[in-house]
Amino acid sequence: MKLFLVFTLATLAFAKRFDGDQVLTLHPTSSEHVITINEMEEFADFWRPDSPSLVREGSPVDVRIPREYLFKTKRVLAAINMDFEVKVNDVQDTIDHQFTGTKTPYAGAYDYDVYHTDVEIESWAFDMQSQYSSLLKVETPTKSEENRNIVRLTMGSSQNNPIFLIDCGIHAREWISPAFCQCFVNRMLSQYNTDANVRSMMDALTFVIYPLLNVDGYAYTWSDDRMWRKTRSNYGTVCTGVDPNRNFDAEWSGPGSSSNPCSDTYYGPEVASEQLSKELSNFVLSHTGEIQAYLTFHSYGQVYIYPYSDAVKDVDNKQEHNDIAIASAAALEAVHRKQYTYGPGYQSMYLAAGGSDDFSKDFGVPLVYTIELRDTGRYGFILPESQIAPSCEETYAAVDVIAQHVMTKL
Ligand code: ARG
Ligand code: ZN
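When the letters of the sequence shown are read in order and numbered with mature numbering (1 follows the signal peptide of the UniProt record, and there is no 0), they come out as residues -15 to -1, 1 to 395.
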């Protein structure tokens, strides 16, 4: 017992540190450059794109280099004439400064301008339900691999309107995503009686929202490794976790995903092996024809991605996807001047099979976007809390445009 306690405390005290690690933006301009970047797979943590196999000449690459590899890496980059900038000078220092939010002075009020743990987010959901019982239902339909609740919210003046599906937190380290889901829900509920726009959406649509899909991975980013991306499932291999956004039934195990359990883009032992992919897939499959739109929030890059990403092919309603992305991005930009790009996944990002977006489109959701939130790499995944509120404001405007469009089609 004593030993166990000591071990537990030690684990807590020794969350992974990133002192001296840097995030570099590399500019590969030749096949030699691309090969060298691929060789860095063993020690480098790919931020953008998500894996070395997706690196292409002419596209910048953000990558975290652990301190002990920095000197060698920079020497090699110089030797082969690859341009690079230091994006994050000290990753640990940036992590230590991500908590910049000023706690609200009102004791007891939930603070949307700070990052919350998975435990806080779950109790927040139930608190919201008690406060707004006529507009919000909280359910925990599925348990994660580590036995946490996957929380699902059903929000609106009726639970039987056409569904607007939203999820946040598929990838663990993309903290701005669940933060957005929470403040979006709060805005919709707290302004239902005062904001005509909010009321129109809440009266016409049923919002089904998963505020934190990858709850285990997210918990792990707080306790052990801030840079964790995947789930925490274990299939008896040396490495832990599956990339949930490579685990869906959309050309599963295809391009841009890996069969290697140690890869950050591991597609898993089978389609929808992960509890969260099962939950989301089942929801989509059991509501075909009812879901009018699906938005899945990631970070970072400031991009609207619409299908397809699992092959170079276009959606039937490409024009609609593109027009609404443009309109939504314009509304977003009007708030704090942040610019978002847009396009089909195969073009705006890269081929990456097994995504929840392509799956939902294939199984009947007419309008689907993966939205990569702030920023474009200055902080990457370690976006400071001071940017939560502005991100929420602009992203609310973005969602509003999409929801209003959906309502015109009802
Ligand atoms: N950064 C996201 C990812 O790689 C983009 C997802 C785009 N959609 C897709 N089906 N690959 O998971
Ligand atoms: Zn992501």
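Just so you know, even glycine gets a beta-carbon here, dropped at the ideal spot from N, CA and C.
Exposure of residue i, with buried meaning 16 or more beta-carbon neighbours within 10 Å
| i | result |
| --- | --- |
| LEU352 | buried |
| THR393 | exposed |
| SER118 | exposed |
| ALA164 | buried |
| THR273 | exposed |
| THR(-5) | Confidence in THR(-5) is poor, its pLDDT being 47 and thus under 50, which makes the residue's placement unreliable; the coordinate value appears in the next sentence. Label assigned to THR(-5): exposed. |
| ARG322 | exposed |
| LEU270 | exposed |
| PHE3 | buried |
| ASP68 | exposed |
| LYS1 | exposed |
| LYS128 | exposed |
| ALA181 | exposed |
| ARG41 | exposed |
| THR125 | exposed |
| ASP228 | buried |
| VAL71 | exposed |
| CYS247 | exposed |
| SER278 | Here residue 278 is Ala; the residue named in the question, Ser, does not match the sequence. It counts as buried. |
| CYS224 | exposed |
| THR79 | buried |
| ASN267 | exposed |
Residue i: CB within 8 Å of a non-hydrogen atom of the ligand ZN
| i | result |
| --- | --- |
| ILE155 | yes |
| ARG214 | yes |
| GLU27 | no |
| ASN146 | no |
| GLU159 | yes |
| ASN232 | no |
Check: residue i C-beta below 8 Å from any heavy atom of the ligand ARG
| i | result |
| --- | --- |
| ASP347 | no |
| GLU357 | yes |
| ARG2 | no |
| ILE309 | no |
| HIS306 | no |
| GLY330 | yes |
| ALA337 | yes |
| THR225 | no |
| ARG49 | no |
| ASP299 | no |
| ILE290 | yes |
| GLY221 | no |
| HIS283 | yes |
| THR58 | no |
| ALA296 | no |
| SER266 | no |
| THR361 | no |
is_contact[residue i, chain B] using C-beta, thresh 9 Å
| i | result |
| --- | --- |
| VAL391 | The chain inventory of the structure shown lacks chain B, comprising one protein chain alone. |
Sequence-distant residues of its chain with Cβ nearer than 8 Å to residue i (five each side left out)
| i | result |
| --- | --- |
| VAL61 | THR21 |
| GLN324 | GLN287, ALA314, GLU318 |
| GLN116 | LEU174 |
Own chain residues within Cβ distance below 7 Å of residue i, not counting five before or after
| i | result |
| --- | --- |
| PHE28 | PRO51, TYR54 |
| ALA388 | PHE149, MET186, LEU190 |
| TRP213 | ALA157, ARG158, GLY202, TYR205, THR206 |
| VAL123 | ALA110, PHE111, GLN114, VAL136, LEU138 |
| ASN74 | GLN7 |
Close beta carbons around residue i, own chain, < 6 Å, minus the five adjacent residues each side
| i | result |
| --- | --- |
| PHE192 | MET140, GLY141, PHE149 |
| ARG184 | TYR177 |
| TYR220 | PRO254 |
| VAL256 | ASP234, TRP237 |
Cβ-heavy atom distance, residue i to the ligand SAM, below 8 Å
| i | result |
| --- | --- |
| SER108 | Although the ligand SAM was asked about, the structure shown includes only the ligand ARG and the ligand ZN as ligands. |
Margin query: Between the segment 223 to 239 and the segment 308 to 317, can you find at least three pairs of beta-carbon atoms closer than 8 Å?
Written below: Taking one beta carbon from each stretch, the segment 308 to 317 and the segment 223 to 239 have fewer than 3 pairs nearer than 8 Å; the two do not touch.
Notebook entry, point to check: Between the segment 293 to 302 and the segment 368 to 376, do at least 3 Cβ pairs fall closer than 8 Å?
Noted result: Cβ pair count under 8 Å is below three, so no.
Margin query: Taking contact to mean 3 or more Cβ pairs, one atom from each stretch, closer than 8 Å, check whether the segment 134 to 142 and the segment 338 to 356 are in contact.
Written below: With a cut-off of 8 Å, the segment 338 to 356 and the segment 134 to 142 do not count as touching, because too few Cβ pairs lie within range.
Item checked: Whole alpha helix (DSSP H) elements within the segment 18 to 43, 4-residue minimum -> Within the segment 18 to 43, not a single complete alpha helix (DSSP H) segment reaches 4 residues in length.
Check: For the 8 Å Cβ check, are there 3 or more pairs between the segment 188 to 207 and the segment 125 to 135?
Finding: Judged by Cβ distances under 8 Å, the segment 188 to 207 makes contact with the segment 125 to 135, as three or more pairs qualify.
Note to self: To test your reading of the DSSP string, which unbroken beta strand (DSSP E) runs of 3 or more residues are found completely within the segment 50 to 79?
What the structure shows: Fully enclosed beta strand (DSSP E) runs of 3 or longer: 68 to 73.
Notebook entry, point to check: Can you give, in chain order, each stretch of the beta strand (DSSP E) that sits fully within the segment 358 to 395 and has at least 3 residues?
Noted result: Correct list: empty.
Check: Any chance the segment 154 to 168 sits against the segment 94 to 101, with 3 or more Cβ pairs inside 8 Å?
Finding: Between the segment 154 to 168 and the segment 94 to 101 there are three or more inter-stretch CB-CB distances shorter than 8 Å, so the stretches are counted as touching.
Next item on the list: Would you list, in sequence order, the uninterrupted beta strand (DSSP E) runs of no fewer than 3 residues that lie entirely inside the segment 257 to 309?
Entry: The qualifying runs are 276 to 284, 288 to 291.
Next item on the list: Give, in chain order, every unbroken run of the beta strand (DSSP E) that is at least 3 residues long and sits entirely within the segment 116 to 164.
Entry: For the segment 116 to 164, whole beta strand (DSSP E) runs of length 3 or above, ordered along the chain, are 121 to 128, 134 to 140, 148 to 153.
Next item on the list: Enumerate, from N- to C-terminal direction, the unbroken beta strand (DSSP E) stretches of 3 or more residues contained entirely within the segment 159 to 231.
Entry: Correct list: 191 to 195.
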